[in-house]
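Participant:
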């Protein structure tokens with residue numbers, strides 16, 4: 082008799098409500114490069130930030146389309162998991 086499949090792990094709760102347009106850090110690291118400016122139009126899936134974690138560069142993409150209403154970090158900042166990096170409205 083086969084063992085039952087394990088239940089999928091619950092996704093961590095987002096730092097802001099879904100659909101709010103906040104892009105958060107998926108892991109602790111250092112902001113290497115911010116590729117957009119405040120007020121810039123962005124599309125869903127656009128590369129906006131490069132975050133260094135464990136000596137590797139990680140690309141951070143938008144999840145929604147809109148314009149960048151707020152940039153909450155600057156290049157060189159150290160961020161924690163869940164910290165808001167920028168907001169798209």
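Residue numbers (our numbering): 82 to 170. By construction, the Cβ of each residue, glycine as well, lies at the ideal position given by its N, Cα and C atoms.
1) Can you list, in chain order, the residues of its chain whose CB lies under 8 Å from that of residue 141, leaving out five sequence neighbours each side?
2) I'd like to check one pair, residue 157 with residue 123: are the Cβ atoms closer than 8 Å?
3) When the Cα of residue 102 is compared with those of 125, 114, 160, 161, which residue comes out closest?
4) Alpha carbon to alpha carbon, how far is residue 121 from residue 113?
5) Determine the closest residue to residue 134 out of 162, 168, 169, 149, with distance taken between C-alpha atoms.
6) For my contact list, residue 145 and residue 154 are in at a C-beta cut-off of 8 Å; report their separation, rounded to the angstrom.
7) Compare the Cα-Cα distances from residue 143 to each of 110, 117, 111 and report the closest residue.
Facilitator: Straight from the coordinates:
1) The residues are 104, 106, 107, 128, 129, 130, 131, 132, 166.
2) No, these two residues do not count as a Cβ contact at 8 Å.
3) Nearest option by C-alpha distance: 125.
4) Looking at the two C-alpha atoms, the distance is approximately 19 Å.
5) Nearest option by C-alpha distance: 162.
6) Between residue 154 and residue 145 the Cβ distance is about 18 Å, and since that is not below 8 Å, they are no contact.
7) Nearest C-alpha to residue 143: 117.
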